[in-house]
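K.L.:
Going by numbering that gives the first Met the number 0, the first residue of the sequence shown is number 0, and it counts up by one from there.
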Amino acid sequence: MNPIRPLLRSAVFSRAAAGSTFRHVARRTLVTPTSPAQAKVSEVSVEQRVREDPGEFEEGHHVSGETAEGEEMFGFKLNPVATKTGGQAKSQGRPIYLDMQATTPMDPRVLDKMLPYLTEQYGNPHSRTHAYGWEAESGVDEARKHVATLVGANEKDIVFTSGATESNNMIIKGIAKFHQTKRRHLITTQTEHKCVLDSCRYLSTQGFEVTYLPVLPNGLISIDDLKAALRPDTSLVSIMAVNNEIGVIQPLKEISDTLKAWAKETKNPKPYFHTDAAQAVGKIPIDVEAMGIDAMSISGHKIYGPKGVGAAYVRRRPRVRLEPLIHGGGQERGLRSGTVPAPLVVGLGEACRIAFKEMELDHARIKSLSDRLINGINSQVEHIVRNGDPNGYPGCVNLSFAYVEGESLLMALKDIALSSGSACTSASLEPSYVLRALGAAEDMAHSSLRFGIGRFTTEAEIDLVVERIVSVVTRLRDMSPLWEMVQEGIDISKIEWSQH
């Protein structure tokens with residue numbers, strides 16, 4: 000087989016080194032297809048390979064004997080060294096990434112699995128008359144099995160979509176519209192992702208009634224509130240598994256059991272139970288059968304897979320009936336027409352396979368890093384509040400820093416990729432609606448930061464983040480007149496501020 004021009008892959012790893020110095024190491028490797036079903040990752044660096052066989056690469060790329068830190072090589076910028084000298088932390092180049100709830104870096108193993116379907120096995124998985132279609136279909140079928148295995152589902156219940164937003168829209172609107180003649184009431188919570196809230200608001204404009212459950216100060220729902228909200232015409236209850244801003248884990252099994260008990264007691268049809276599990280799948284154990292989940296939304300790029308692909312679990316027995324949003328060729332059980340993107344789906348499947356195998360190890364490691372972050376900050380800075388249930392998902396840490404403006408805090412931390420809330424709404428200067436639903440004061444909601452810790456986060460990065468947070472918060476508070484009053488022992492909560 001004639002090898003095609005190799006593709007470049009940038010894999011960035013950080014490792015703690017001896018003493019007080021640590022380094023972000025940028026490693027350039029080559030990914031080449033070795034057979035129709037396998038891609039090979041070469042340990043030879045890009046620079047070395049180009050010198051050996053420059054004809055394989057595009058003309059115009061100059062390769063010098065050494066590449067300086069920060070210099071661009073084939074479109075990639077080398078990550079420079081981050082060092083600690085004299086107790087001062089210095090970070091240069093790209094920021095440390097702690098925004099895993101917004102998106103995760105693709106696991107290199109996922110890219111390796113996808114590559115053949117981008118280069119050689121490029122057939123349409125719905126073409127049943129030739130080998131190209133059969134190869135692609137085989138990859139899609141394998142991926143469907145991996146997704147189903149991860150969530151304890153039957154593979155026939157998995158429907159591939161473009162992501163969790165589409166899955167949420169498809170399930171919520173689809174169930175509501177199918178049952179609109181007799182059951183026009185839905186229940187969700189005030190802290191759902193925007194795509195769930197906006198789907199429900201859209202249905203409200205179509206004559207549906209939606210109940211938005213409040214949450215307790217720790218972010219959990221009240222089962223009593225859920226019971227009180229149920230009605231004979233309730234068709235759907237949609238409650239997310241893990242919150243994307245505060246990491247709270249809702250009691251899915253208890254919610255499902257409540258719906259079953261209510262239906263049995265009242266002799267009414269049981270409402271379907273849907274959960275947005277974009278932040279849960281692959282991070283905490285999810286078993287749709289054991290938890291009594293009827294429909295569920297999954298995102299690929301939240302579990303180290305590719306962007307632009309996700310899945311919906313839609314139970315067939317007993318059947319969840321819904322109206323499709325997209326019509327066409329009838330793919331995916333007629334629920335989601337359109338050509339299934341085999342490379343993306345294969346990547347999602349591989350991400351799920353890895354998550355199923357390594358979830359326990361990932362969780363333990365992320366918990367350790369989370370504790371390191373929280374303890375490191377709390378031991379050096381006072382007046383900090385952790386938002387949400389402390390027993391939530393450890394990879395999502397939401398902290399509010401009193402007497403500090405959130406915008407100033409983010410601006411001063413440009414060397415750390417953080418968020419003040421959901422990636423879909425963090426551009427807004429409004430305080431997080433999730434934190435306000437918890438009862439947080441507006442100033443504390445404004446001063447919150449979300450730390451997203453993941454599979455590739457290192458201890459060295461956490462230590463640098465702690466040092467930077469402590470330094471920046473201390474500096475900003477020193478400039479705050481409110482902080483000066485607090486230091487002088489003045490209870491500012493009792494001050495009556497004049498209104499002009």
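For glycine and all other residues, C-beta sits at the position ideal for the given N, C-alpha and C.
So, with DSSP's three-state summary, where would you put Ala311?
P.N.:
Taking the first residue of the sequence shown as position 1, residue 311 is located at position 312. It is a strand residue.
K.L.:
Tell me the rounded alpha-carbon separation between Leu475 and Asp388.
P.N.:
Counted from its first residue, the sequence shown places residue 475 at position 476. Counted from its first residue, the sequence shown places residue 388 at position 389. Straight-line Cα distance between these residues: approximately 28 Å.
K.L.:
Buried or exposed: where does Ala227 fall if 16 or more other Cβ atoms within 10 Å of its Cβ makes it buried?
P.N.:
Taking the first residue of the sequence shown as position 1, residue 227 is located at position 228. Ala227 should be labelled exposed.
K.L.:
Return the bridge partner residues of Asp275 from the DSSP annotation.
P.N.:
Here the question's residue 275 lines up with position 276 in the sequence shown. In the DSSP output, where bridge partners are listed per residue, Asp275 has Ser296.
K.L.:
In chain order, what residues of the same chain lie with their CB nearer than 8 Å to the CB of Leu372, ignoring the 5 residues before and after it?
P.N.:
Against the sequence shown, residue 372 aligns to sequence position 373. Result list for Leu372: Val396, Phe450, Ile452, Ile461, Val464, Val465, in chain order.
K.L.:
Kindly list the residues whose CB is nearer than 6 Å to the CB of His61, restricted to its own chain and excluding five residues on each side of it in sequence; keep chain order.
P.N.:
Position 62 of the sequence shown, counted from the first residue, corresponds to residue 61. Reliability of the predicted coordinates at His61 is poor, the pLDDT of 37 falling under 50, and the value obtained from them is presented with this limitation in mind. Nothing meets the Cβ criterion.
K.L.:
Pairs of beta-carbons, one from the segment 317 to 326 and one from the segment 95 to 114, closer than 8 Å: are there three or more?
P.N.:
As far as the Cβ criterion goes, the segment 317 to 326 does not touch the segment 95 to 114, which means the pair count is below three.
K.L.:
State the beta-bridge partners of Cys395 as determined by DSSP.
P.N.:
Residue numbering aside, residue 395 sits at position 396 when the sequence shown is read from its first letter. Its beta-bridge partners are Gly451.
K.L.:
Could you tell me which of Glu136, Val471, Gln486 sits nearest to Asp414, measuring between CA atoms?
P.N.:
Here residue 414 corresponds to residue number 415 of the sequence shown, with the count starting at 1. Residue Val471 is the option with its Cα nearest to Asp414.
K.L.:
Could you spell out where the beta strand (DSSP E) holding His362 opens and where it closes?
P.N.:
Residue mapping note: residue 362 aligns to position 363 of the sequence shown, counting from 1. Unbroken run through His362 is the alpha helix (DSSP H), 341 to 377; no beta strand (DSSP E).
K.L.:
May I ask you to report which of helix, strand or coil DSSP gives Tyr211?
P.N.:
Counting from 1 along the sequence shown, the entry for residue 211 is found at position 212. Three-state DSSP puts Tyr211 in a strand.
K.L.:
Using only the alpha-carbon positions, how far apart do Pro340 and Ala163 sit?
P.N.:
Position 341 of the sequence shown holds residue 340. Position 164 of the sequence shown holds residue 163. Going from the Cα of Pro340 to the Cα of Ala163 covers about 16 Å.
K.L.:
Can you tell which of Leu219, Glu208, Arg314 has the C-alpha that lies nearest to the C-alpha of Thr561?
P.N.:
Nothing about residue 561 can be read from this structure; the chain reaches only from 0 to 499.
K.L.:
For Val109, collect the residues of the same chain with a Cβ closer than 8 Å to its Cβ; drop the 5 residues on either side in sequence, then sort them by chain order.
P.N.:
Within the sequence shown, residue 109 is the residue found at index 110, counting from 1. Excluding positions up to five away in sequence, the list reads Tyr303, Gly304, Pro305, Gly346, Glu349, Ala350, Ile353.
K.L.:
Quick one: measure Cβ to Cβ for Tyr271 and Leu215, integer angstroms, because I've assumed they're closer than 8 Å.
P.N.:
Along the sequence shown, one-based indexing puts residue 271 at 272. Along the sequence shown, one-based indexing puts residue 215 at 216. Actually they do not touch by this definition, with Cβ atoms about 24 Å apart.
K.L.:
Beta-carbon separation of Ser298 and Ala311 under 8 Å?
P.N.:
Numbered from 1 along the sequence shown, position 299 holds the residue referred to as residue 298. Numbered from 1 along the sequence shown, position 312 holds the residue referred to as residue 311. The answer is no: Cβ separation not under 8 Å.
K.L.:
Between Thr457, Gly488, Ser237, Asn217, which has its C-alpha nearest Ser198's C-alpha?
P.N.:
In the sequence shown, residue 198 corresponds to position 199, counting from 1. For the residues Thr457, Gly488, Ser237, Asn217, the minimum Cα distance to Ser198 belongs to Ser237.
K.L.:
Could you spell out where the alpha helix (DSSP H) holding Ile186 opens and where it closes?
P.N.:
Indexing the sequence shown from 1 puts residue 186 at position 187. From DSSP, Ile186 is part of no alpha helix (DSSP H) but of the beta strand (DSSP E) over 184 to 188.
K.L.:
Which residues share a DSSP beta bridge with Arg200?
P.N.:
Indexing the sequence shown from 1 puts residue 200 at position 201. Arg200 pairs with nothing; no bridge assigned.
K.L.:
Is the Cβ-Cβ distance between Pro124 and Ala142 less than 8 Å?
P.N.:
For the purposes of this step, residue 124 is taken as residue 125 along the sequence shown, with counting starting at 1. For the purposes of this step, residue 142 is taken as residue 143 along the sequence shown, with counting starting at 1. Against a cut-off of 8 Å, the Cβ pair of Ala142 and Pro124 comes out as no contact.
K.L.:
Is the CB-CB distance between Glu404 and His445 below 8 Å?
P.N.:
For the purposes of this step, residue 404 is identified with residue 405 of the sequence shown, where counting begins at 1. For the purposes of this step, residue 445 is identified with residue 446 of the sequence shown, where counting begins at 1. Yes, they are a contact pair.
K.L.:
Could you check what DSSP says for Tyr96 in three-state terms: helix, strand or coil?
P.N.:
Within the sequence shown, the letter at position 97 stands for residue 96. The answer is strand: DSSP assigns Tyr96 an E or B state.
K.L.:
Would you say Gly405 touches the ligand NAP, meaning its beta carbon is less than 7 Å from a heavy atom?
P.N.:
Looking at this structure, you won't find the ligand NAP or any other ligand, since it has none at all.
K.L.:
Which residue comes first and which comes last in the alpha helix (DSSP H) that contains Thr233?
P.N.:
Along the sequence shown, one-based indexing puts residue 233 at 234. Thr233 -> not in any alpha helix (DSSP H); beta strand (DSSP E) instead, spanning 233 to 237.
K.L.:
Work out the CA separation of Phe455 and Ile468 for me, nearest whole Å.
P.N.:
Taking the first residue of the sequence shown as position 1, residue 468 is located at position 469. Taking the first residue of the sequence shown as position 1, residue 455 is located at position 456. Distance between the alpha carbons of Ile468 and Phe455 is about 20 Å.
K.L.:
Looking at the unbroken alpha helix (DSSP H) that takes in Ile461, where does it start and where does it end?
P.N.:
Within the sequence shown, the letter at position 462 stands for residue 461. Where Ile461 is concerned, the enclosing alpha helix (DSSP H) stretches over 458 to 477.
K.L.:
Which residues bound the alpha helix (DSSP H) around Val150?
P.N.:
Walking along the sequence shown from the start, residue 150 turns up at place 151. Taken as a continuous stretch (DSSP letters only), the alpha helix (DSSP H) holding Val150 covers 130 to 150.
K.L.:
Kindly list the residues whose CB is nearer than 6 Å to the CB of Gly281, restricted to its own chain and excluding five residues on each side of it in sequence; keep chain order.
P.N.:
For the purposes of this step, residue 281 is identified with residue 282 of the sequence shown, where counting begins at 1. Answer for Gly281: Ile302, Ala354, listed in chain order.
K.L.:
Between Thr187 and Ala101, what straight-line distance do the alpha-carbon atoms span, to the nearest angstrom?
P.N.:
Reading the sequence shown from its first residue, position 188 is the one you call residue 187. Reading the sequence shown from its first residue, position 102 is the one you call residue 101. One C-alpha to the other measures close to 22 Å.
K.L.:
To the nearest whole angstrom, what separates the beta carbons of Leu417 and Leu97, a pair I think is in contact under 8 Å?
P.N.:
In the sequence shown, residue 417 corresponds to position 418, counting from 1. In the sequence shown, residue 97 corresponds to position 98, counting from 1. Their Cβ separation, rounded to whole angstroms, is 6 Å, which keeps Leu417 and Leu97 in contact under 8 Å.
K.L.:
Out of Val241, Lys266, Val308, state which residue places its alpha-carbon closest to the alpha-carbon of Glu165.
P.N.:
Numbered from 1 along the sequence shown, position 166 holds the residue referred to as residue 165. It is Val308 whose Cα lies nearest to the Cα of Glu165.
K.L.:
Out of curiosity, what's the CA-to-CA distance linking Ser161 and Ile220?
P.N.:
Against the sequence shown, residue 161 aligns to sequence position 162. Against the sequence shown, residue 220 aligns to sequence position 221. Their Cα atoms are separated by approximately 29 Å.
K.L.:
Helix, strand or coil for Thr102 per DSSP?
P.N.:
Taking the first residue of the sequence shown as position 1, residue 102 is located at position 103. DSSP places Thr102 in coil when its eight states are reduced to three.
K.L.:
If you follow the alpha helix (DSSP H) that Thr338 is part of, which residue opens it and which one closes it?
P.N.:
Indexing the sequence shown from 1 puts residue 338 at position 339. Note, Thr338: premise wrong, no alpha helix (DSSP H); not H, not E.
K.L.:
In whole angstroms, what separates the C-alpha of Trp260 from that of Ser203?
P.N.:
In the sequence shown, counting from the first residue as 1, residue 260 sits at position 261. In the sequence shown, counting from the first residue as 1, residue 203 sits at position 204. Correcting the residue identity first, residue 260 is Ala in this sequence and not Trp. Roughly 27 Å between the two C-alpha positions.
K.L.:
In the DSSP assignment, find the beta strand (DSSP E) that holds Thr160 and state where it starts and stops.
P.N.:
For the purposes of this step, residue 160 is identified with residue 161 of the sequence shown, where counting begins at 1. Its beta strand (DSSP E) spans residues 157 to 160.
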